[in-house]
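Trainee: One structure, pasted below without further comment.
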Amino acid sequence: MKVTFYLSILAATALSFNATAASRVVDTTYVEEAALRGAIIWDIRGEADYKKEHIPGAINIGDAGKMLRNENTEDYLPLDQVEKILGAGGIDPEQEIVVYGAKGNPYVYFAEVTMEYLGAKNAHAYHGGIDDWKAAGKAVNNLPVQRAPLDLHLKPANDVIVTTAEVRNALNSPEIQIVDARTPKEYKGEDIRAIRGGHIPNAVNIPFEQNWIDPDTMKKLAEKKVTTMDGLALKSPSDLNALYAKLNPNKETIVYCQSSVRASESATVLKDLGFHNVKVYDSSWLGYGNTLDAPAEDVTFFNVGLMTMKMGALQKRVEVLEKELAEIRKPSGQ
19 MKVTFYLSIL
29 AATALSFNAT
39 AASRVVDTTY
49 VEEAALRGAI
59 IWDIRGEADY
69 KKEHIPGAIN
79 IGDAGKMLRN
89 ENTEDYLPLD
99 QVEKILGAGG
109 IDPEQEIVVY
119 GAKGNPYVYF
129 AEVTMEYLGA
139 KNAHAYHGGI
149 DDWKAAGKAV
159 NNLPVQRAPL
169 DLHLKPANDV
179 IVTTAEVRNA
189 LNSPEIQIVD
199 ARTPKEYKGE
209 DIRAIRGGHI
219 PNAVNIPFEQ
229 NWIDPDTMKK
239 LAEKKVTTMD
249 GLALKSPSDL
259 NALYAKLNPN
269 KETIVYCQSS
279 VRASESATVL
289 KDLGFHNVKV
299 YDSSWLGYGN
309 TLDAPAEDVT
319 FFNVGLMTMK
329 MGALQKRVEV
339 LEKELAEIRK
349 PSGQ
């Protein structure tokens with residue numbers, strides 16, 4: 019009995035260790051150890067933030083969300099362009115990679131998912147980012163790092179992202195569940211960010227901010243109700259499991275948002291919770307909402323005339339303010 023008991027303990031310990039080692043979301047200790055063993059530490063922030071301060075040894079290719087995507091469609095650039103951009107920065111998906119930015123920034127997860135999409139088997143997202151690094155008393159510097167350039171020839175994986183056509187084919191499948199990681203207003207069609215608003219039929223709305231300890235942190239920061247980013251920390255595994263309790267971890271899960279960035283964070287969290295087949299819808303609502311024959315629910319349409327009126331009124335207000343400012347600046351006596 020004792021032997022069986024101890025074997026059970028050892029097995030459980032091994033499983034726990036493997037789960038931790040395989041986690042996509044990592045903490046400060048992991049990043050520090052990864053840097054020592056030569057992992058690529060990738061700072062995905064803009065160049066100005068990187069030059070101000072960064073984790074020692076971290077590389078930067080500019081704002082990843084802008085560098086790797088088409089500005090208009092917000093889809094990935096053609097593969098050959100992505101290969102050149104990553105290659106110039108020495109970012110090799112075959113190596114261990116830790117991605118970081120500001121705490122809770124979903125673009126960190128976008129970059130991590132991008133690495134998986136491009137074949138990476140050992141990519142991680144440092145959720146706490148530069149904020150947790152500094153809070154832990156770790157050193158930062160402003161010394162730029164340049165890795166040796168690479169001639170990359172990448173083969174995208176077919177089990178990481180899905181297309182609009184694949185989402186449409188999945189609509190009537192009982193074996194596939196869809197998660198909408200946008201805000202409730204976007205989901206209900208009240209906040210329109212494409213030609214039409216609404217959501218994919220039968221999609222379950224779980225805003226990505228719900229992954230955080232305090233989903234209202236960004237709003238509170240803007241209103242100066244809090245002074246730290248502590249609320250952006252991820253919830254505990256038990257609380258995250260409760261958040262996604264209505265989903266079946268054994269079903270294929272497709273996650274989308276407006277352009278796949280917020281969805282990337284939720285998808286990565288789901289993978290770490292043990293969901294077996296999670297994919298990100300790359301074009302997300304920007305692609306689906308603009309595909310007018312794609313079935314949707316809570317559909318609303320963008321009112322171009324109303325927007326034109328509002329822009330006209332705003333322009334007139336700006337002109338009035340400019341005239342008032344010009345009068346104030348006039349030298350006295352004129």
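Positions 19 to 352 (this note's numbering) are the ones given, in order, by the sequence shown. Cβ atoms here follow ideal geometry from the backbone N, Cα and C, with glycine treated the same way.
1. Residues in its own chain within less than 8 Å of Lys121 by CB, not counting five upstream and five downstream?
2. State yes or no: is the C-beta of Gly105 within less than 8 Å of the C-beta of Leu170?
3. With distances taken between CB atoms, is the gap from Gln333 to Lys269 smaller than 8 Å?
4. If you draw a straight line from the alpha carbon of Pro219 to that of Ser278, how long is it in whole angstroms?
5. Which two residues bound the contiguous alpha helix (DSSP H) that contains Ile148?
6. Between the Cα of Glu51 and the Cα atoms of Gly305, Leu310, Glu114, Leu261, which residue gives the shortest distance?
7. Give every residue of the same chain whose Cβ lies closer than 6 Å to the Cβ of Gly71, excluding the five residues on either side of it in the sequence, and list them in chain order.
8. Taking one C-beta from the region 172-182 and one from the region 290-302 each time, how about it: are there three or more such pairs within less than 8 Å?
9. Tell me whether the region 272-291 and the region 122-132 touch, counting them as touching only if at least three CB pairs, one residue from each stretch, are closer than 8 Å.
10. Output needed for Tyr205: all residues of its chain with C-beta closer than 6 Å, excluding positions within five of it in sequence on either side, in chain order.
11. Which stretch, first to last residue, makes up the alpha helix (DSSP H) that contains Arg186?
12. Hey, Gly119 and Ile210 are a contact pair by Cβ (cut 8 Å); roughly how many whole angstroms apart?
13. Measuring only from the beta carbon, is Ile58 closer than 7 Å to any heavy atom that is part of the ligand GDP?
14. Looking at Arg55: is its Cβ nearer than 8 Å to the Cβ of Gly108?
15. How big is the Cα-Cα spacing for Tyr262 and Glu241?
16. To the nearest angstrom, report how far apart Lys238 and Leu258 are at their CA atoms.
17. Buried or exposed: which applies to Lys289, given that a residue is buried once 16 or more other Cβ atoms fall within 10 Å of its Cβ?
18. Applying the 10 Å Cβ sphere with the 16-neighbour rule, what's the burial state of Met329?
19. Using the Cα positions of Ala39 and Met85, report the straight-line distance between them to the nearest angstrom.
20. Just to confirm my understanding: we take Ala331, look at its own chain, exclude 5 residues before and 5 after, and list those with CB closer than 6 Å. What are they?
21. Using beta-carbon positions only, say whether Leu136 and Leu168 come within less than 8 Å of one another.
22. Nearest to Glu112 by alpha carbon, out of Ala312, Glu130, Gln99, Phe226?
23. So, at 8 Å on beta carbons, what are the nonlocal neighbours of Gly75 in its own chain, with the 5 sequence-adjacent residues on each side left out?
Mentor: If we stick to the structure as given:
1. His145, Gly146, Gly147, Ile148, Asp149, Asp150, Met247, Leu250, Ala251
2. yes
3. no
4. 18 Å
5. Unbroken alpha helix (DSSP H) run through Ile148: 147-153.
6. Glu114
7. The sequence shown places Glu at residue 71, rather than the Gly named in the question. Excluding positions up to five away in sequence, the list reads Val158, Asn160.
8. yes
9. yes
10. Asp198, His217, Asn223
11. 182-188
12. Actually they are not in contact, since the Cβ atoms of Gly119 and Ile210 sit about 28 Å apart, beyond 8 Å.
13. The ligand GDP is absent from the structure shown, which contains no ligand whatsoever.
14. no
15. Each residue's Cα considered, the two are about 29 Å apart.
16. 22 Å
17. buried
18. exposed
19. In this prediction, Ala39 scores a pLDDT of 46, lower than 50, which makes its location untrustworthy; no coordinate-derived value is stated.
20. none
21. no
22. Comparing Cα positions, the closest option is Glu130.
23. Ala53, Ile59, Val163
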